[in-house]
Amino acid sequence: MPKPTIILAFADYRTDRQQHLRELDEEQYGILQALRPAVKAGLCTLETIPGANARKIAAAFQEAAGPVVAFHFAGHADGYGLMIDDGAPREGLAAFLGKQQDLRLVFLNACATQG
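Residue numbering for the sequence shown follows my numbering, beginning at 5 and increasing consecutively.
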């Protein structure tokens with residue numbers, strides 16, 4: 005039986021100093037450290053998506069080794085929703101995640117960047 009998969013998606017504008025999320029690398033490191041014992045024990049697998057966008061997120065779900073049970077997104081948002089840089093409709097990610105039968109946890113961490 006395939007192990008459950010946790011997908012961690014991180015989106016940042018590293019080329020724009022005003023919008024760069026300086027703590028994103030630390031957040032990613034902390035999550036990986038927290039999940040390391042579960043991975044080592046063979047309880048789950050992790051898929052990490054740097055530079056996440058809708059296309060990469062969809063591909064990670066489709067190519068996951070086991071059922072995706074948790075999804076974590078960290079990146080930018082504005083007053084209307086998450087900012088995913090590939091031009092995908094904002095509603096598209098919510099609809100996509102809503103269709104994932106095995107998904108039990110969605111954690112969205114995004115801040116509105118004023119500029």
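Glycine is no exception: its CB is placed at the ideal position from the N, C-alpha and C atoms.
These figures come from a predicted structure and were not determined experimentally.
Could you check whether the Cβ of residue i sits closer than 7 Å to any heavy atom belonging to the ligand GDP?
i     : result
Ala56 : In the structure on display, the ligand GDP does not appear, and there are no ligands present to speak of.
By Cβ distance below 6 Å, which residues in the same chain neighbour residue i in space, the five residues on each side in sequence not counted?
i     : result
Ala15 : Ala56 and Gly79
Phe65 : Val72
For a quick check, are the C-beta atoms of residue i and residue j less than 8 Å apart?
i      : j     : result
Thr49  : Ala69 : yes
Leu101 : Val73 : no
Ala134 : Leu97 : Given a span of 5 to 119 for the chain in the structure shown, any question on residue 134 remains unanswerable.
Where do the ends of the beta strand (DSSP E) carrying residue i lie?
i     : result
Leu12 : Thr9 to Phe14
Pro54 : Thr49 to Pro54
Closer than 8 Å by C-beta to residue i: which residues in its own chain qualify, once you throw out the five before and the five after it? Chain order, please.
i     : result
Leu36 : Leu12, Leu50 and Thr52
When we look at the beta-carbon of residue i and count the other beta-carbons within 10 Å, is it buried (16 or more) or exposed?
i      : result
Ala38  : exposed
Ala58  : buried
Phe111 : exposed
Between which two residues does the alpha helix (DSSP H) harbouring residue i extend?
i     : result
Asp29 : Leu28 to Lys44
Ala62 : Ala58 to Glu67
Spell out the partners DSSP gives residue i in its beta bridges.
i      : result
Val110 : Phe75
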